[in-house]
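Notes for the one structure printed next.
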């Protein structure tokens, strides 16, 4: 009996052991199956539910301010309107509401709102982007109104449930068209286009961050720290910029010019104080770009438009001649009205002979024949070595996108002929951007030092402001040459009673009138009228470059561009708090 | 006789109720101790959890506020834009000042308008007042410093 019980107990125990072993093995097998085979990802993701969430954070694009802190490019809130198909109760109401408020196609919206979850991979279907906050508020009001109605009338009442409004930031330009060629713009979520927006795109466009946010409150330390605001502070003076643009618009209109550009630089440090160009795009309606700038039209003329500058270029020729010791201001030249170079005959702007002239007279009367003679005296090697030192034919490196390099043929290059030495000396046969020439001439205004032009004064990054360092591009001429030439160009303006003269302020400057070449030569009869000037001559604070393209009121720079210089300087001295020379002398003498 | 009595085994033992009471007292003492520790732990962790939740909520608020601030800054900039300000000034009878309108005076100490500083400037390190050692030094560091001073090897 005892043996039977024992053997029965043992066999039962074995059976139970086997059953439990099988169950255990099955559990282990299932665990391996779940962790190794295709369910692994599902299991892991299931385990993550409730532990936290992955979130994509899009930081606001860096803001852009003028030198005084006025916002030129910021961010504003818009809404993405979508339909969450899992929540929709009244598709027709959603379709008719969006048709009424946003003007969306009723049937298109209805087809989305009627989608079943199984019919679409997406849950939230975006039906409208960049919806203004006022419109979004109106939609919110309608949603709320219908929900309140449902509470009274019951679940069968019409509902806008499923309509989603997701806020997001987009680029906004509160000043509209002000400095728009320099700022550039951003289209939707894409990269910056033109100007600062393109040049500093990597810095401004803070990349979207995908971050893990643990749900457990004890793990809050793992939540990412908020990044500090970033931004750019420009050298541009907003109010001065507005005035310069206004002056340019009036000048272009009154002179019947095709377009124009004005640059205001501080020659001491290369800061661009104002940069105006026509036409300009209102950045609030950037989508009109193709309408305003058809085909290859230039967006920012001061840095991207390349043109033959004409006589303003004589400043560089004379600077090279004085600095190389080829001539002095008192060197004389007898102008018989023409000069031969490289088999071509060069004449003066009025085809007249001006007789015996000093170098001052040559500059004052803007004599092509005299400057060709000076270039011949220097010879190609000296002349072009100076042009290279002045940076002609090279980009200035200004911190704006789409800067052009200009065109300068050198003696060792194909296509250069000796006649180019003559024509280049008075600014024909050589093409520059207004900025390039302004920077080159700024060396004359700044004691021979040519400063790197820049529009960003400081960068704010991670809560610290970094000031852009001043950079000397080179010293193409000596301080003595700069002083001598400035004196020559001051006297030149005063003796011809130029319309560029500004009451109370002594300025130096040079006009420029350049015929616009055609495939058959200089036969178009239309001109580029320019003026470059700086002041006060004893301690220059500004350099102003004017360019009017194809003026119809008069072809001459002295007639159309010089008065614009005066208008700009009259406003500039007020903005710079620059007293007239005599008062400044009194104040500094006290 | 005395020695013999000492070697005899004890003739009585603790009453069972007394032993039980001691055990129960010990158990309850441990339980109370454990409860106190647990309650402190619960209070601290619940406060930490509450603070964590507040931080999480503030973090979410911060994202929303940041967008709203950016939007409002832009709205404000539109209201202060050159075009708006110019039209308002003109409507109030103002006109741009010319150099003839301006009287220049020497004002001792006058600083011309300076470009904006939106954040602290990065420049050479500024000398700062150092905190007294008594606030930053540990007792061990103090002892070692004193030893170094007394042996003449202190250089700081």
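Residue numbers (the numbering used here), protein chains in the order written: chain S, 128 to 717; chain X, 75 to 230. We treat Cβ as the ideally placed atom computed from N, Cα and C, and that holds for glycine.
Checklist entry - Which residue or residues does DSSP assign as beta-bridge partners of residue 402 of chain S? => result S:390.
Checklist entry - Residues in the region 450-464 of chain S with C-beta within 7 Å of chain X's C-beta atoms, listed in sequence order? => result Listed by position along the chain: nothing, the set is empty.
Item to check | Length of the line joining the Cα atoms of residue 685 of chain S and residue 304 of chain S | outcome: A direct Cα-Cα distance of roughly 29 Å separates residue 685 of chain S from residue 304 of chain S.
Item to check | alpha helix (DSSP H) segment containing residue 262 of chain S, residue limits | outcome: 260-280 is the extent of the alpha helix (DSSP H) around residue 262 of chain S.
Checklist entry - Taking Cβ positions, are residue 657 of chain S and residue 561 of chain S nearer each other than 9 Å? => result Residue 561 of chain S is positioned such that its CB atom lies closer than 9 Å to that of residue 657 of chain S.
Checklist entry - According to DSSP, is residue 298 of chain S helix, strand or coil? => result Strand at residue 298 of chain S.
Checklist entry - Is there contact here, the region 140-147 of chain X with the region 675-690 of chain S, by at least three beta-carbon pairs under 8 Å? => result The region 140-147 of chain X is not in contact with the region 675-690 of chain S.
Item to check | Every unbroken alpha helix (DSSP H) inside the region 318-354 of chain S [4 residues or more] | outcome: Here the runs fully enclosed are 322-326, 328-331.
Checklist entry - Do you know how far the Cα of residue 377 of chain S is from the Cα of residue 613 of chain S? => result So the two alpha carbons sit approximately 29 Å from each other.
Checklist entry - Leaving out the 5 sequence neighbours to the left and right, which residues in its chain are closer than 7 Å to residue 228 of chain S when beta-carbon positions are compared? => result Around residue 228 of chain S: 262, 265, 266.
Checklist entry - How would you label residue 290 of chain S, buried or exposed, when you count the other beta carbons within 10 angstroms and need 16 or more for buried? => result By the neighbour-count rule (16 or more Cβ atoms within 10 Å), residue 290 of chain S is buried.
Item to check | Validate contact between the region 402-418 of chain S and the region 700-712 of chain S using beta carbons, cut 8 Å, 3 pairs | outcome: Short answer: they don't touch.
Checklist entry - Contact between the region 360-379 of chain S and the region 184-199 of chain S: three or more CB pairs below 8 Å? => result The region 360-379 of chain S vs the region 184-199 of chain S: in contact.
Item to check | Neighbourhood of residue 203 of chain S by C-beta, 6 Å cutoff - its chain only, sequence neighbours within 5 removed | outcome: Non-local C-beta neighbours of residue 203 of chain S in its own chain, meaning closer than 6 Å and more than five positions away in sequence, comprise 299, ordered along the chain.
Checklist entry - Would residue 178 of chain X count as contacting chain S if we go by Cβ distances under 9 Å? => result Yes, residue 178 of chain X lies at the interface with chain S (some Cβ there is under 9 Å from its Cβ).
Next on the checklist: So the candidates are S:707, S:437, S:691; which of them puts its Cα closest to the Cα of residue 373 of chain S?
Outcome noted: The candidate whose alpha carbon is nearest that of residue 373 of chain S is S:691.
Item to check | Contact between the region 536-554 of chain S and the region 580-600 of chain S (3+ Cβ pairs under 8 Å) | outcome: Output reads no: the region 580-600 of chain S does not touch the region 536-554 of chain S.
Next on the checklist: Just to make sure I have the definition right: I need the residues of chain S whose C-beta is within less than 8 Å of the C-beta of residue 122 of chain X. Which are they?
Outcome noted: Within chain S, the residues near residue 122 of chain X are 344, 345.
Checklist entry - At which residues does the beta strand (DSSP E) containing residue 585 of chain S begin and terminate? => result That run of the beta strand (DSSP E) goes 583-588.
Next on the checklist: What does the Cβ neighbour count give for residue 134 of chain S, buried or exposed, with the cut at 16 atoms within 10 Å?
Outcome noted: It counts as exposed.
Item to check | Sheet register partners of residue 460 of chain S (DSSP bridge) | outcome: Assignment of beta-bridge partners to residue 460 of chain S by DSSP yields S:484.
Checklist entry - Cβ atoms of residue 583 of chain S and residue 665 of chain S: under 9 Å apart, would you say? => result No, Cβ-Cβ distance for residue 665 of chain S and residue 583 of chain S is not below 9 Å.
Checklist entry - With a cut-off of 9 Å, does the C-beta of residue 598 of chain S fall near any C-beta of chain X? => result So, not an interface residue.
Next on the checklist: Taking 7 Å as the limit between beta carbons, can you name the residues of its chain near residue 292 of chain S, skipping five residues before and five after?
Outcome noted: Cβ within range, chain order: 206, 208, 263, 266, 267.
Checklist entry - What is the DSSP secondary structure of residue 107 of chain S, reduced to helix, strand or coil? => result Any property of residue 107 of chain S remains undetermined from this structure, which presents chain S solely from 128 to 717.
Item to check | Amino acids of chain S, ordered along the chain, whose beta-carbon sits closer than 7 Å to that of residue 163 of chain X | outcome: From the beta-carbon of residue 163 of chain X, no residue of chain S is found nearer than 7 Å; the closest lies around 11 Å away.
Item to check | Boundaries (first-last residue) of the alpha helix (DSSP H) holding residue 653 of chain S | outcome: Segment: none, residue 653 of chain S is in no alpha helix (DSSP H) and carries neither H nor E.
Item to check | Residue from S:217, S:531, S:370, S:575 whose Cα sits closest to the Cα of residue 282 of chain S | outcome: When only C-alpha atoms are compared, the closest one is S:217.
Checklist entry - When we look at the beta-carbon of residue 201 of chain X and count the other beta-carbons within 10 Å, is it buried (16 or more) or exposed? => result For residue 201 of chain X, the pLDDT reaches just 45, beneath the cut-off of 50, and the residue's location in the model is therefore unreliable, although a value from the coordinates is still provided. Taking all protein chains in view, the Cβ of residue 201 of chain X is surrounded by fewer than 16 other Cβ atoms within 10 Å, so the residue is classified as exposed.
Checklist entry - At least one CB of chain S closer than 9 Å to the CB of residue 88 of chain X: is that the case? => result For residue 88 of chain X, no CB of chain S lies under 9 Å from its own CB, so it is not counted at the interface with that chain.
Checklist entry - Can we say the region 437-451 of chain S touches the region 562-572 of chain S, given the rule of at least three CB pairs closer than 8 Å? => result The answer is yes - the region 562-572 of chain S touches the region 437-451 of chain S, with three or more Cβ pairs under 8 Å.
Item to check | For residue 475 of chain S, the three-state DSSP class (helix, strand or coil) | outcome: Here residue 475 of chain S sits in coil by DSSP.
Item to check | Interface residues of chain S facing residue 114 of chain X [CB-CB closer than 8 Å] | outcome: None at all; the shortest Cβ gap to chain S is about 17 Å.
Item to check | Residue burial classification, residue 332 of chain S (beta-carbon count within 10 angstroms, cutoff 16) | outcome: Flag for residue 332 of chain S reads buried.
Checklist entry - Would you report the Cα separation of residue 183 of chain S and residue 194 of chain S, rounded to the nearest angstrom? => result C-alpha separation (whole angstroms): 34 Å.
Next on the checklist: Using the Cβ count rule (16 or more neighbours within 10 Å means buried), how would you classify residue 630 of chain S?
Outcome noted: By the neighbour-count rule (16 or more Cβ atoms within 10 Å), residue 630 of chain S is not buried but exposed.
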